[in-house]
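Everything below concerns the one structure shown next.
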Amino acid sequence: MKSSKILYLVFAAAMATCPFFLNAYWTDVFNNVGLYAILALSLNVILGHCGLFHMGHAAFYAIGAYTAAILNTTYGVPVLWLMPLAGVMAGLFALVVARPIIHLRGDYLLIVTIGIVEIVRIALINNVFDITGGANGIFGISRPSVFGFKISKPDHFFYLIWGFAALTIFLLMRLEHSRFGRALLYIKEDEVAAGGSGINVAHHKLVAFIIGAVWAGMCGTIYAAKMTIIAPESFSFAESVILFTIVILGGSGSIPGVILGSFLLVGLPEVFRGLAEYRMLVFGAAMVLMMIFRNQGLLPPGPKRYDIAAKLHAGGAQ
Amino acid sequence: MEEFFQQLTNGLAVGGIYALIALGYTMVYGVMKLINFAHGDLFTIGAYLGLTLLVSLGLFDKIGPLPAVILLAVMVMILVAIIGAILERVAYKPLRHSPRLSAVVSALGASIFFQNAIMAIYSPKFLVYPHDILPKAAINILGLDIPVMRIILFLTSLLLMLALYFFIQKTKIGTAIRAAAIDQGAAKLMGINVDRVIMLVFCIGPALGGAAGLMVGLYYGQINFSMGWMYGLKAFTAAILGGIGNIPGAMVGGLLLGVIEALGAAYISIAWKDAIAFCVLILILIVRPTGLLGERVAEKV
Numbered sequence: 431m432k433s434s435k436i437l438y439l440v441f442a443a444a445m446a447t448c449p450f451f452l453n454a455y456w457t458d459v460f461n462n463v464g465l466y467a468i469l470a471l472s473l474n475v476i477l478g479h480c481g482l483f484h485m486g487h488a489a490f491y492a493i494g495a496y497t498a499a500i501l502n503t504t505y506g507v508p509v510l511w512l513m514p515l516a517g518v519m520a521g522l523f524a525l526v527v528a529r530p531i532i533h534l535r536g537d538y539l540l541i542v543t544i545g546i547v548e549i550v551r552i553a554l555i556n557n558v559f560d561i562t563g564g565a566n567g568i569f570g571i572s573r574p575s576v577f578g579f580k581i582s583k584p585d586h587f588f589y590l591i592w593g594f595a596a597l598t599i600f601l602l603m604r605l606e607h608s609r610f611g612r613a614l615l616y617i618k619e620d621e622v623a624a625g626g627s628g629i630n631v632a633h634h635k636l637v638a639f640i641i642g643a644v645w646a647g648m649c650g651t652i653y654a655a656k657m658t659i660i661a662p663e664s665f666s667f668a669e670s671v672i673l674f675t676i677v678i679l680g681g682s683g684s685i686p687g688v689i690l691g692s693f694l695l696v697g698l699p700e701v702f703r704g705l706a707e708y709r710m711l712v713f714g715a716a717m718v719l720m721m722i723f724r725n726q727g728l729l730p731p732g733p734k735r736y737d738i739a740a741k742l743h744a745g746g747a748q
Numbered sequence: 164m165e166e167f168f169q170q171l172t173n174g175l176a177v178g179g180i181y182a183l184i185a186l187g188y189t190m191v192y193g194v195m196k197l198i199n200f201a202h203g204d205l206f207t208i209g210a211y212l213g214l215t216l217l218v219s220l221g222l223f224d225k226i227g228p229l230p231a232v233i234l235l236a237v238m239v240m241i242l243v244a245i246i247g248a249i250l251e252r253v254a255y256k257p258l259r260h261s262p263r264l265s266a267v268v269s270a271l272g273a274s275i276f277f278q279n280a281i282m283a284i285y286s287p288k289f290l291v292y293p294h295d296i297l298p299k300a301a302i303n304i305l306g307l308d309i310p311v312m313r314i315i316l317f318l319t320s321l322l323l324m325l326a327l328y329f330f331i332q333k334t335k336i337g338t339a340i341r342a343a344a345i346d347q348g349a350a351k352l353m354g355i356n357v358d359r360v361i362m363l364v365f366c367i368g369p370a371l372g373g374a375a376g377l378m379v380g381l382y383y384g385q386i387n388f389s390m391g392w393m394y395g396l397k398a399f400t401a402a403i404l405g406g407i408g409n410i411p412g413a414m415v416g417g418l419l420l421g422v423i424e425a426l427g428a429a430y431i432s433i434a435w436k437d438a439i440a441f442c443v444l445i446l447i448l449i450v451r452p453t454g455l456l457g458e459r460v461a462e463k464v
């Protein structure tokens with residue numbers, strides 16, 4: 431426990447100094463890595479901790495981003511103030527769509543969530559309620575400011591995004607060790623046994639879904655603020671696949687794994703920009719090889735997690 | 164009323180294509196309990212191989228349209244079947260005893276690989292099939308002008324589906340496939356080579372998918388490296404609609420989905436056409452997850 435804390439501190443210190451020796455382009459790459467890390471961490475609650483095959487995470491992200499973009503462009507509300515509201519909207523959407531499908535198992539849930547993200551994308555393209563701006567999306571989102579300080583350059587966003595990432599990591603670590611987090615873990619290990627020992631499985635799954643959605647929605651506002659323009663294509667199924675892959679390849683259920691996964695899957699391809707055409711080809715092949723040779727991910731959660739499950743098994747959640 | 168019947172025939176023609184692709188999903192799911200996400204891309208490969216062979220061999224000028232199309236279809240089916248078998252060998256066989264999520268990710272990886280391979284080899288642009296090779300004529304049936312292509316399309320898919328059905332039901336190999344779908348372990352004890360059965364399933368499914376790709380190319384005239392994704396997803400919807408793992412189910416589901424989509428596009432909104440299919444998918448899974456023809460103890464292939 432001690433050593434992992436030191437590791438986190440070293441990582442935080444290294445990250446904090448990054449913008450001083452990165453140029454604007456690479457700072458922006460790191461910003462993207464950070465955004466994906468936050469999103470993947472929020473997906474990790476659903477997929478990694480609870481074991482729900484959820485491949486429609488981009489839908490929640492989109493709801494958050496569009497909520498912020500619409501209110502910012504029509505009413506001029508500062509975009510970062512909209513963060514809680516964007517989270518609530520995404521959470522409500524998750525509640526509505528997840529409630530009827532939460533009992534579906536494995537592959538069926540996977541397919542339904544794909545259906546949901548595609549429906550959301552089509553709705554955005556078709557300019558639903560005349561507010562989403564159709565295929566062109568929404569532009570002219572104003573830059574956020576904090577205490578009168580205008581956030582506009584990549585360095586500024588770097589601290590905003592990674593600060594939010596740090597908060598996410600902290601909260602998720604608390605969640606992991608909470609009674610609720612242990613219940614999720616137990617549901618992942620053995621759903622029937624979890625139900626048998628008094629955990630309300632459907633309720634816990636739904637809450638996990640909503641937590642993930644709220645966080646993705648909040649992350650959507652940062653994305654809207656950073657890009658100042660959003661379009662339906664940014665929230666397509668492909669985004670969901672990247673997030674899903676980050677969680678699985680990094681190590682499902684492990685926070686350091688998910689962060690490493692974001693660096694490898696979002697940052698590393700930038701290094702190979704020159705090979706643009708073959709970049710995704712290698713990406714696909716790497717996914718296959720990775721699953722064949724190390725299917726638990728790069729940094730799987732340590733064995734201590736099974737001790738927690740065992741404790742739960744023996745003495746109930748304390 | 165006339166528009167209704169026009170849309171109905173169009174829906175049946177497109178539904179035939181969905182059904183052909185759906186068979187590949189349903190067979191693989193029946194035997195391996197795996198959603199082969201790369202199946203839609205095998206369909207795309209079929210369309211691209213068809214175009215390449217068509218242009219490079221110049222069959223239409225040499226032997227006339229009908230034999231040319233048949234020969235083309237046979238070649239495409241064999242080639243795509245080989246690719247399907249290689250895919251199984253490389254991406255799925257090593258994962259047969261791994262958690263299911265690994266196989267899903269592997270399938271997604273294979274799908275990304277295929278899409279980008281097609282894009283790198285050909286081009287990211289839409290490619291166009293030569294458009295003057297097939298009959299544009301329409302024939303009059305019961306007062307309706309129906310394009311000949313549509314009828315050919317429907318009959319071809321029906322023929323392929325029936326051939327598959329009899330192959331599965333009446334031959335010894337078909338019996339082996341059905342047995343492996345019910346219980347792989349027991350099938351092994353009965354002397355069935357399950358590895359070979361799975362390999363075979365990965366040849367038949369992609370072959371049918373490849374044929375569907377060629378048909379789409381000939382029918383719509385243009386193809387794109389990423390089209391397999393949407394067709395694949397809809398075909399999968401069709402498979403679930405009919406009851407996944409169930410071969411007649413995939414046929415019925417495909418045709419039904421094609422008709423629902425065509426009528427939905429005509430009477431609700433064409434812009435929401437794709438969303439209609441996904442709404443059907445979600446509704447079916449909520450209301451009747453086993454599909455229309457699926458039963459709890461249904462024989463699964």
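Those protein sequences? They're chains D and U, same order as listed.
Residue numbering for the first sequence follows this note's numbering, starting at 431 and increasing by one per position.
Residue numbering for the second sequence follows this note's numbering, starting at 164 and increasing by one per position.
Beta carbons are placed, not taken as given, at the ideal position from N, Cα and C, and that holds for glycine.
Neighbour flag for R252(U) against chain D, beta carbons, 8 Å:
Within the second sequence, numbered from 1, the residue matching residue 252(U) stands at position 89. No - not a single Cβ of chain D is within 8 Å of the one on R252(U).
For G187(U) and A372(U), the rounded distance between their alpha carbons
On the second sequence, position 209 is the one that residue 372(U) refers to. On the second sequence, position 24 is the one that residue 187(U) refers to. Note that residue 372(U) corresponds to Gly in the displayed sequence, not to Ala. Roughly 7 Å separates the two Cα atoms.
By the 10 Å Cβ neighbour count, where 16 or more other Cβ atoms means buried, how is F450(D) classified, buried or exposed?
Looking up residue 450(D) in the first sequence gives position 20. The residue is exposed, with fewer than 16 neighbouring Cβ atoms inside 10 Å.
Whether I629(D) touches I617(D) by CB criterion (8 Å):
Mapped onto the first sequence, residue 629(D) falls at position 199. Mapped onto the first sequence, residue 617(D) falls at position 187. Yes, the pair counts as a contact, with Cβ atoms nearer than the cut-off.
At the 8 Å Cβ level, is C442(U) part of the contact set with chain D, yes or no?
Your numbering for residue 442(U) matches position 279 in the second sequence. Among the residues facing chain D, C442(U) is included, as its CB has a counterpart in that chain under 8 Å away.
Excluding the 5 residues flanking L171(U) on each side, which residues of the same chain have their C-beta closer than 8 Å to its C-beta?
Taking the first residue of the second sequence as position 1, residue 171(U) is located at position 8. The residues are V422, A425, L426.
Between G384(U), I198(U), L327(U), which has its C-alpha nearest S265(U)'s C-alpha?
Counting from one through the second sequence, the residue named residue 265(U) turns up at place 102. Among G384(U), I198(U), L327(U), the Cα nearest to that of S265(U) is on I198(U).
Any Cβ of chain D within less than 8 Å of the Cβ of I428(U)?
Position 265 of the second sequence, counted from the start, is the residue given in the question as residue 428(U). The amino acid at residue 428(U) is misidentified as Ile; the sequence shows Ala. It does not; no Cβ of chain D falls within 8 Å.
Helix, strand or coil: how does DSSP classify T620(D) here?
Taking the first sequence and counting its residues from 1, the one referred to as residue 620(D) is at position 190. The amino acid at residue 620(D) is misidentified as Thr; the sequence shows Asp. The three-state secondary structure of D620(D), taken from DSSP, is coil.
Going straight from the alpha carbon of G376(U) to that of L205(U), what length do you get?
The sequence position of residue 376(U) within the second sequence is 213, counting from 1. The sequence position of residue 205(U) within the second sequence is 42, counting from 1. L205(U) has its alpha-carbon roughly 8 Å from the corresponding atom of G376(U).
Against chain A, does I552(D) count as a neighbour if the rule is that its beta carbon must be under 8 Å from one of theirs?
Looking for chain A here will not work: the only protein chains present are D and U.
With distances taken from CA atoms, which of I676(D), F702(D), V688(D) is nearest V268(U)?
Taking the second sequence and counting its residues from 1, the one referred to as residue 268(U) is at position 105. Nearest to V268(U) by alpha-carbon distance, out of I676(D), F702(D), V688(D), is I676(D).
If you follow the beta strand (DSSP E) that N303(U) is in, where does it begin and where does it stop?
Locating residue 303(U) in the second sequence gives position 140, where the first residue counts as 1. For N303(U), the uninterrupted beta strand (DSSP E) segment begins and ends at 301 to 304.
Leaving out five residues on either side along the sequence, give the residues of the same chain with a beta carbon under 8 Å from the beta carbon of A442(D).
Locating residue 442(D) in the first sequence gives position 12, where the first residue counts as 1. Listed in chain order, the non-local C-beta contacts of A442(D) below 8 Å within the same chain comprise A596, local neighbours out to five positions each way being set aside.
Determine, using beta-carbon pairs with one atom in the region 436 to 445 of chain U and one in the region 525 to 545 of chain D, whether at least three such pairs fall under 8 Å.
Result yes; three or more Cβ-Cβ pairs closer than 8 Å.
How many angstroms separate the CA atom of A499(D) from the CA atom of I659(D)?
Against the first sequence, residue 499(D) aligns to sequence position 69. Against the first sequence, residue 659(D) aligns to sequence position 229. I659(D) has its alpha-carbon roughly 8 Å from the corresponding atom of A499(D).
Going by C-alpha to C-alpha distance, which of I336(U), M353(U), A398(U) sits closest to I184(U)?
One-based indexing of the second sequence puts residue 184(U) at position 21. Comparing alpha-carbon positions, the option among I336(U), M353(U), A398(U) lying closest to I184(U) turns out to be A398(U).
Indicate the three-state DSSP secondary structure (helix, strand or coil) for A747(D) in the structure shown.
Looking up residue 747(D) in the first sequence gives position 317. In this prediction, A747(D) scores a pLDDT of 41, lower than 50, which makes its location untrustworthy; the coordinate-derived value is nonetheless stated afterwards. Note: A747(D) maps to coil in three-state DSSP.
Which same chain residues, not among the five before or five after F723(D), have their C-beta less than 7 Å away from its C-beta?
Counting from 1 along the first sequence, the entry for residue 723(D) is found at position 293. Excluding residues within five positions, none has a Cβ falling inside 7 Å.
Taking L455(U) as the reference, give the member of I439(U), G412(U), Y430(U) with the closest Cα.
In the second sequence, residue 455(U) corresponds to position 292, counting from 1. Taking L455(U) as reference, the option from I439(U), G412(U), Y430(U) with the minimal CA-CA separation is G412(U).
Quick one: give me the first and last residue of the beta strand (DSSP E) that P508(D) is part of.
The count along the first sequence starts at 1 and reaches residue 508(D) at position 78. Run containing P508(D): none; DSSP gives neither H nor E here.
Continuous alpha helix (DSSP H) stretch holding L729(D): start and end:
As a position in the first sequence, residue 729(D) is number 299, starting the count at 1. Counting along the chain, no alpha helix (DSSP H) covers L729(D), and no H or E run does either.
Per DSSP, which residues does F579(D) bridge with? Please list them.
Against the first sequence, residue 579(D) aligns to sequence position 149. V576(D), per the DSSP bridge assignment.
The alpha helix (DSSP H) enclosing L307(U), as first and last residue numbers:
Sequence index remark: in the second sequence, residue 307(U) carries index 144 (1-based). It is not in any alpha helix (DSSP H) - L307(U) instead sits in the beta strand (DSSP E) that spans 307 to 310.
Quick one: what's Q385(U) bridged to in DSSP?
Position 222 of the second sequence holds residue 385(U). Answer by DSSP bridge pairing, in chain order: V291(U).
Own chain, CB closer than 7 Å to M393(U), minus 5 neighbours either side, in chain order:
In the second sequence, residue 393(U) corresponds to position 230, counting from 1. For M393(U), where only same-chain residues beyond five positions count, the Cβ hits under 7 Å are D437.
Using a Cβ distance threshold of 8 Å, determine whether the region 481 to 495 of chain D contacts the region 669 to 686 of chain D, with at least three qualifying pairs required.
Yes, the region 481 to 495 of chain D is in contact with the region 669 to 686 of chain D.
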